[in-house]
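K.L.:
Dropping the structure in here first, questions after.
Number of protein chains: 2
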Amino acid sequence: MKETLTSISERIGVSPATISRIVNGKADKYRISKETVDKVMAEVNRCKYTPSLLARSLRTNKTSTIGLLLPSAANPFFSHIAESIIKDAYAKGYITITLDNMENEAVQRACLSIMISRKVDGIIAAPCGNDPTPFEEINRTTTPIVLVDRYFEESTLSHVTSNNYKGAFEATSFLIQNGHRHIACIQGDTQSMPNKRRVNGFLAALKESGEEHKAVVAGDAFSVQNGYLETKLILNMNPRPTAIFALSYTILLGVIKAVQDSGLHIPDDISVISFDENISLDYMTPPITRVSQPVEEMGKLASKLLFSSIENNTRKTNKLELVTTIKAGQSIRHI
Amino acid sequence: MKETLTSISERIGVSPATISRIVNGKADKYRISKETVDKVMAEVNRCKYTPSLLARSLRTNKTSTIGLLLPSAANPFFSHIAESIIKDAYAKGYITITLDNMENEAVQRACLSIMISRKVDGIIAAPCGNDPTPFEEINRTTTPIVLVDRYFEESTLSHVTSNNYKGAFEATSFLIQNGHRHIACIQGDTQSMPNKRRVNGFLAALKESGEEHKAVVAGDAFSVQNGYLETKLILNMNPRPTAIFALSYTILLGVIKAVQDSGLHIPDDISVISFDENISLDYMTPPITRVSQPVEEMGKLASKLLFSSIENNTRKTNKLELVTTIKAGQSIRHI
DNA sequence: TGAGACTGTGCAATCGTTTGTTCAAATTTA
DNA sequence: TAAATTTGAACAAACGATTGCACAGTCTCA
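These protein sequences, in sequence, are chains A and B. Heads up: the first sequence at position 86 corresponds to 86 in the working numbering, and the numbers run straight through without jumps. To convert, count from 1 in the second sequence and add 1000; that's the working numbering.
Listed below in structure tokens is the structure:
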């Protein structure tokens, strides 16, 4: 029924040690005779023995497991990152345990603690909140951590993110080039670094343009509802901004809905640009111009950094910013 | 540095056994004195001891881990299921290891084998291919398995799916009610049960309507590309079908793109209805009418079945079909 | 022919928990 | 006061793998 080294050992009269060596491909190294190898392999295959990774991990102090901590596995942005990391890990012989911090720092601490007690070999996280302490402590004393997308200011933790500042700067410049001077920016979680950087990029582009301008920054969450409510308010302003910059896909959806509900049209009545790539943006009417982040590369680089840290047992701090690109739709009017 | 029961034991002079009992809240049951409990708890908190789940699992033969096997973690349909399962598992004190079968049966077998060697307590899978054997064997001998969305015909495995037949039947009836008689259905993976049932529902609705009709069934994959190519062919038919039924969100995206590229319009030139819920469908022009599946409930029920199987150590076969609902958009013309 | 080297394998400790059993001391009962 | 019971906690054996070390037998060489 449940096969172990010992059960096989008793059955074929070869010690567990020898079987272990053969199963792990160390037969040559330990000069085990071909006869023995054949006998063992025959039985191992016959009874479909699979070693207990639990026991192995306990002994070797290596679980071949990484922890992935995300704000929401259902968010398309994070689920793409997750898939790319899960696949990379699989290819390296690692499995991934995914936990959801639910945008809650207490849950997040609990998740980290679970990962530690599971002895993961490394952690990739898109943290919530702005307290790096638990992450830094774990990274320093226990397990390497790489942050992805979200990160902390002035921290020793490695991270991979996109160039949020530049992306927002370029998006805003694009609006300015199209004659927009009165622009509203609807932001997400105000604590998160990507959000801060995007807002800074937005403001800097307007300021540096030299043109006279009016900037509006509103909102406080990466959610459809936030996008909807803030847009409702923005559309009622007098004078009304000529363009809205939504700092995430979810916010954008709220923007679109509010514009539609107000009987207005994009881009005739108001221009729109968004952060985040999503395939459906090409299918909207009009297609939405957006700042596209290289999501898959972010995942791949994060796992690359993490595995390098695991395999060399180092803690070199790497802060990577990947370039964003503007994907043009038809949601911006030239005025 | 690395705290264990033994290290604490040596430091405070209380046996590992007693510490273990206290940490696990069994102090009362074993009548351990308040003094000892206090002393132990003080030290446990001071040095932030967390038990090794590896060692515990090895001893107790329970990992508090479930395996989640999906065709693609990035697919919004599956990522929603994943999130709902991950959260449920977390609430029950379980963690989830997610693996991606990449729609490949060899990879799928490898994933199952990994889960077994990791001694997961249960598995939730949306399998690819149509060979139930590995799943049935594992479910019978080793670890309970519940299938979600995808399942096998005539199998003893439990599954949770939506009422694909009825959903497709209703969608088709809806088209018929709107005067459509010549309808094309673009299917996904032809082996998968949900796809088969949807196609059957589609054909049955047309047949049972009693009207004279013309049915077209095309396609072979749940992908944007498949939707695009088949739509291109369909649009060139003479006479051209008046409606297209896309059997998934991804297929739908391909349909829309092909219609747009052909300079045609939904619903004036061709009506469209789709399977799968996705928030972006409400944001398209026109909003797309679709058969909405209760994704979150599917995840919740699957984990409910699995946990009941784990906790009672039973293998009762449950085959659940959840109702779908038609969410009306404006993508169907009345003719 | 005896010392050393090589071959092939087994022994036993270890990883960090949990848990059935044991046992001394304290307390109660007769 | 001796016997019986209760209290409180330690001992030691698992769980299933890995791995340093030991060792018996064979071979090589002087």
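C-beta: ideal position from N, C-alpha, C; glycine also.
Checking contacts by CB at 8 angstroms: is Glu1083/B closer than that to chain A?
P.N.:
It does; some Cβ of chain A falls within 8 angstroms.
K.L.:
Closest Cβ-Cβ distance between Met1041/B and chain A: below 8 angstroms?
P.N.:
Closer than 8 angstroms: no.
K.L.:
Distance cutoff 8 angstroms, beta carbons only. Does Tyr165/A sit that close to anything in chain B?
P.N.:
Answer no: the Cβ-Cβ gap between Tyr165/A and chain B never drops below 8 angstroms.
K.L.:
Tell me which residues share the same chain as Lys225/A and place their Cβ nearer than 7 angstroms to its Cβ, disregarding the 5 neighbours each side in the sequence.
P.N.:
The residue asked about is misnamed: residue 225/A is Gln in this sequence, not Lys. If we look at Gln225/A and ignore the five residues flanking it on each side, its Cβ neighbours are Gly254.
K.L.:
Compute the Euclidean distance between the alpha carbons of Tyr165/A and Pro134/A, then round it to the nearest angstrom.
P.N.:
Going from the Cα of Tyr165/A to the Cα of Pro134/A covers about 26 angstroms.
K.L.:
For the structure I just gave you, are there three or more beta carbon pairs, one from the stretch 152-164 of chain A and one from the stretch 176-192 of chain A, closer than 8 angstroms?
P.N.:
With a cut-off of 8 angstroms, the stretch 176-192 of chain A and the stretch 152-164 of chain A do not count as touching, because too few Cβ pairs lie within range.
K.L.:
Using a Cβ-Cβ cutoff of 7 angstroms, what residues of the stretch 1045-1060 of chain B are near chain A? List them in chain order.
P.N.:
Cβ contacts with chain A: Thr1050, Pro1051, Ser1052, Leu1053, Leu1054, Ala1055, Ser1057, Leu1058.
K.L.:
Given this structure, state the Cα-to-Cα distance separating Lys87/A from Leu247/A, to the nearest angstrom.
P.N.:
Distance between the alpha carbons of Lys87/A and Leu247/A is about 28 angstroms.
K.L.:
Does the stretch 1200-1209 of chain B come close enough to the stretch 1160-1179 of chain B that 3 or more CB-CB pairs lie under 8 angstroms?
P.N.:
Counting Cβ pairs under 8 angstroms, three or more are found: they touch.
K.L.:
Return the first residue and the last residue of the beta strand (DSSP E) that Asp28/A is part of.
P.N.:
Per DSSP, Asp28/A belongs to no beta strand (DSSP E) and is neither H nor E.
K.L.:
Of all the CB atoms in chain A, is at least one closer than 8 angstroms to the CB of Met1284/B?
P.N.:
Yes - at least one Cβ of chain A is within 8 angstroms of the one on Met1284/B.
K.L.:
Measure the C-alpha to C-alpha separation of Cys1128/B and Ser84/A and round it to an integer number of angstroms.
P.N.:
Each residue's alpha carbon lies about 19 angstroms from the other.
K.L.:
Can you tell me the Cβ-Cβ gap for Lys119/A and Thr63/A, rounded? I've got them flagged as a contact below 8 angstroms.
P.N.:
Indeed they touch by this definition, with Cβ atoms about 5 angstroms apart.
K.L.:
So what does DSSP say about Glu153/A, is it helix, strand or coil?
P.N.:
Coil, per DSSP.
K.L.:
With 8 angstroms as the limit, tell me which residues of the stretch 1086-1099 of chain B have their beta carbon closer than that to any beta carbon of chain A; keep them in chain order.
P.N.:
Result list: Ile1086, Lys1087, Tyr1090, Ile1095, Thr1096, Ile1097, Thr1098, Leu1099.
K.L.:
Should the stretch 1254-1264 of chain B be called in touch with the stretch 1221-1238 of chain B, which here means at least 3 C-beta pairs below 8 angstroms?
P.N.:
They touch, by the three-pair rule.
K.L.:
Determine the extent of the alpha helix (DSSP H) in which Glu1010/B is found, giving its start and end residues.
P.N.:
Looking at the DSSP string, the run of the alpha helix (DSSP H) that includes Glu1010/B is 1005-1012.
K.L.:
Closest Cβ-Cβ distance between Ala258/A and chain B: below 8 angstroms?
P.N.:
Taking Cβ atoms only, chain B never reaches closer than 8 angstroms to Ala258/A, which makes this a no.
K.L.:
Expressed to the nearest angstrom, what Euclidean distance is found between the alpha-carbon atoms of Leu1005/B and Ile1095/B?
P.N.:
Whole-angstrom Cα-Cα distance: 23 angstroms.
K.L.:
Measuring straight from C-alpha to C-alpha, what distance separates Leu277/A and Ser292/A?
P.N.:
A small fix is needed here, since residue 277/A is Glu in this sequence, not Leu. Roughly 5 angstroms separates the two Cα atoms.
K.L.:
Do you know how far the Cα of Thr18/A is from the Cα of Tyr30/A?
P.N.:
Looking at the two C-alpha atoms, the distance is approximately 9 angstroms.
K.L.:
Looking at C-alpha atoms only, which residue of Ser1309/B, Ile1270/B, Ala1106/B is the closest neighbour of Pro1071/B?
P.N.:
Minimum Cα distance to Pro1071/B is reached at Ala1106/B.
K.L.:
Cys1111/B: which of Glu1103/B, Leu1099/B, Gly1122/B, Asp1121/B sits nearest, CA to CA?
P.N.:
Measuring from the Cα of Cys1111/B, the nearest candidate turns out to be Leu1099/B.
K.L.:
Taking the alpha carbon of Ser303/A as the reference point, which residue from Val272/A, Ala82/A, Asn61/A, Cys47/A has its own alpha carbon closest?
P.N.:
It is Ala82/A.
K.L.:
Note down, in chain order, every chain A residue with its Cβ under 9 angstroms from the Cβ of Leu1175/B.
P.N.:
By Cβ distance, chain A contributes nothing, its closest Cβ being about 21 angstroms from Leu1175/B, past 9 angstroms.
K.L.:
Give the residues from the stretch 259-277 of chain A that approach chain B closer than 7 angstroms (Cβ to any Cβ), ordered along the chain.
P.N.:
Within the stretch 259-277 of chain A, no residue qualifies.
K.L.:
State the DSSP-derived secondary structure class of Ile335/A, mapped to helix, strand or coil.
P.N.:
Coil at Ile335/A, not helix or strand.
K.L.:
Can you list the beta strand (DSSP E) stretches of 3 or more residues lying completely in the stretch 183-214 of chain A, in chain order?
P.N.:
Listed in chain order, there is nothing to give.
K.L.:
Determine which residues share a DSSP beta bridge with Leu320/A and list them.
P.N.:
BP columns for Leu320/A point to Val160/A.
K.L.:
Helix, strand or coil, according to DSSP, for Ile1273/B in the structure here?
P.N.:
The answer is strand: DSSP assigns Ile1273/B an E or B state.
K.L.:
Whose CA, out of Ser117/A, Arg140/A, Glu103/A, Thr143/A, lies closest to the CA of Asn130/A?
P.N.:
Checked all of Ser117/A, Arg140/A, Glu103/A, Thr143/A; the closest Cα to Asn130/A is Glu103/A.
K.L.:
Using a Cβ cut-off of 7 angstroms, which residues of the stretch 1114-1142 of chain B contact any Cβ in chain A, in chain order?
P.N.:
The stretch 1114-1142 of chain B vs chain A, Cβ under 7 angstroms: Ile1114, Ile1116, Ser1117, Arg1118, Lys1119.
K.L.:
Tell me the DSSP bridge mates of Ile145/A?
P.N.:
Paired residues: Ile123/A.
K.L.:
Sort Ser1079/B, Ser1158/B, Val1272/B by Cα distance to Thr1172/B and report the nearest one.
P.N.:
Among Ser1079/B, Ser1158/B, Val1272/B, the Cα nearest to that of Thr1172/B is on Val1272/B.
K.L.:
Buried or exposed, going by whether 16 or more other CB atoms sit within 10 Å of the CB of Asn236/A?
P.N.:
Burial call: exposed.
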